[in-house]
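A.B. asks:
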Amino acid sequence: MAGQNSADRVCSVSVDLDAIGCYYRIHALSGAPPEVARHAILRRCLPRFVDLFARHGARATFFVVGADLEDDAEGRALLAGLARAGHELANHTHTHPYDFIRLGPARIADEIDRAHAAIAACAGTPPVGFRAPGYEISGEAMDALGARGYRYDSSVFPSASYYGAKAVVMGAMRVVGRKSGSVLGDPRVLLAPRRPYRPAAGAPYRDGGGGIVELPIAVTRVARLPVIGTSLTLAPAWLRRRMIAAAVREPLFNLELHGIDLCDSDADDIPAALIARQPDLRRPLAHKLAVFEETLAAARDAGARFATLADVAAGIA
Ligand SMILES: [Zn+2]
295 MAGQNSADRV
305 CSVSVDLDAI
315 GCYYRIHALS
325 GAPPEVARHA
335 ILRRCLPRFV
345 DLFARHGARA
355 TFFVVGADLE
365 DDAEGRALLA
375 GLARAGHELA
385 NHTHTHPYDF
395 IRLGPARIAD
405 EIDRAHAAIA
415 ACAGTPPVGF
425 RAPGYEISGE
435 AMDALGARGY
445 RYDSSVFPSA
455 SYYGAKAVVM
465 GAMRVVGRKS
475 GSVLGDPRVL
485 LAPRRPYRPA
495 AGAPYRDGGG
505 GIVELPIAVT
515 RVARLPVIGT
525 SLTLAPAWLR
535 RRMIAAAVRE
545 PLFNLELHGI
555 DLCDSDADDI
565 PAALIARQPD
575 LRRPLAHKLA
585 VFEETLAAAR
595 DAGARFATLA
605 DVAAGIA
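So in our numbering the end of the sequence shown lands on 611, straight run, no missing numbers.
#1: State yes or no: is the C-beta of Leu376 within less than 8 Å of the C-beta of Phe357?
#2: So what's Asp562 in DSSP terms, helix, strand or just coil?
#3: Which term fits Asp560, buried or exposed, when burial requires 16 or more other beta carbons within 10 angstroms of its beta carbon?
#4: Where do the N-terminal and C-terminal ends of the beta strand (DSSP E) with Leu549 fall, by residue?
#5: Comparing alpha-carbon positions, which option in Gly496, Ala512, Pro481 lies nearest Ser488?
#6: Check whether the Cβ of His321 sits closer than 7 Å to any heavy atom of ligand 1, and report yes or no.
#7: Looking only at its own chain, which residues have a Cβ that is under 8 Å from the Cβ of Leu575, when we skip the five neighbours before and after it?
#8: Let me check understanding here. Comparing Cα to Cα, which of Lys582, Ser432, Pro510, His321 lies closest to Glu550?
#9: Would you report the Cα separation of Ala615 and Leu439, rounded to the nearest angstrom?
#10: Looking only at its own chain, which residues have a Cβ that is under 7 Å from the Cβ of Lys582, when we skip the five neighbours before and after it?
#11: Mind checking Arg482: buried by the 16 CB within 10 Å criterion, or exposed?
#12: For a test of the three-state rule: what should DSSP assign to Thr602, helix, strand or coil?
#13: Taking 8 Å as the threshold, find out whether the segment 537 to 548 comes into contact with the segment 515 to 522 through three or more Cβ pairs.
Shown next as structure tokens:
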């Protein structure tokens with residue numbers, strides 16, 4: 295991507311469609327979410343994203359958890375319609391295991407293959423992109439994707455503040471005797487390139503001319519602040535404006551959002567125990583929508599065109 299000028303700016307918006315049950319696991323909450331909340335991401339939040347993207351003429355990438363397609367016929371039909379409308383459906387594993395990279399080769403392959411089959415059947419075309427749960431990828435998993443003809447991975451999140459915050463939260467949970475569903479991965483991610491690269495064999499965080507393209511999630515240039523849905527909706531306005539301004543100057547603004555980013559905690563029946571642990575759930579939906587409107591408008595004003603991650607990967611030599 296080196297040598298691109300501002301005329302070639304691209305903004306890729308992707309949404310990880312982790313179900314509310316995933317957040318129960320990461321926060322080690324007991325029980326199961328109530329019925330409305332259980333399906334809230336695909337049935338309630340996804341349509342809000344679709345309306346948002348339509349207002350900006352953006353085709354987006356949706357990272358789908360394969361098992362959700364089997365669990366929710368209504369959500370599956372919605373996603374099939376999005377694929378027909380030109381959005382991309384990509385692979386976010388079959389069951390969203392936070393310890394994905396530690397599962398061993400057979401179960402890693404199984405997570406990729408089962409989701410692949412479910413998404414291909416839903417979209418009518420096989421997925422070419424992958425994002426691991428919890429931003430943790432490994433050389434082994436990258437090899438498995440390459441062997442299956444995947445064009446890109448977009449799991450690398452080279453943000454020191456995200457990594458630090460995760461380490462602190464997991465440490466604190468250990469201190470109070472709770473076990474997070476999350477894993478803390480390889481700190482070499484902090485030195486990974488911020489711009490698209492081809493990872494070396496067995497070294498997912500190093501550029502090495504491999505066959506698959508890595509599309510890292512957006513961080514700012516020097517401080518490497520995460521420019522993702524959660525940080526944008528929680529940051530004070532002055533910081534948010536700086537983060538957006540930094541991101542839209544890049545050749546590729548790989549904006550990662552989560553389905554939960556457009557949750558309306560009251561209307562979507564989100565349990566208080568989860569709201570207590572997810573500060574973004576305490577922000578009004580109107581605020582979160584306004585933040586994403588501001589972000590997409592800034593990308594457009596900076597001359598970016600919107601493209602799916604598959605399109606971006608296809609354009610990288
Ligand atoms: Zn996820």
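Cβ atoms here follow ideal geometry from the backbone N, Cα and C, with glycine treated the same way.
C.D. replies: So, from the listed chains and residues:
#1: In terms of Cβ geometry, Leu376 and Phe357 do not form a close pair [threshold 8 Å].
#2: Shown here, Asp562 sits in coil according to DSSP, grouped into three states, outside any helix or strand.
#3: Its Cβ having fewer than 16 others within 10 Å, Asp560 is exposed.
#4: 546 to 552 is the extent of the beta strand (DSSP E) around Leu549.
#5: Checking the sequence, you will find Arg at residue 488 rather than Ser. Nearest C-alpha to Arg488: Ala512.
#6: No.
#7: Answer for Leu575: Ile554, Cys557, Ser559, Ile564, Leu568, Ile569, listed in chain order.
#8: With distances taken between Cα atoms, Glu550 lies closest to Pro510.
#9: Not covered by the structure: residue 615. The range shown for the chain is 295 to 611.
#10: Excluding the 5 residues flanking it on each side, Lys582 has same chain C-beta neighbours closer than 7 Å at Thr527, Asp555, Leu556, in chain order.
#11: So Arg482 counts as exposed.
#12: It is coil, neither helix nor strand.
#13: Flag = yes, the segment 537 to 548 and the segment 515 to 522 touch.
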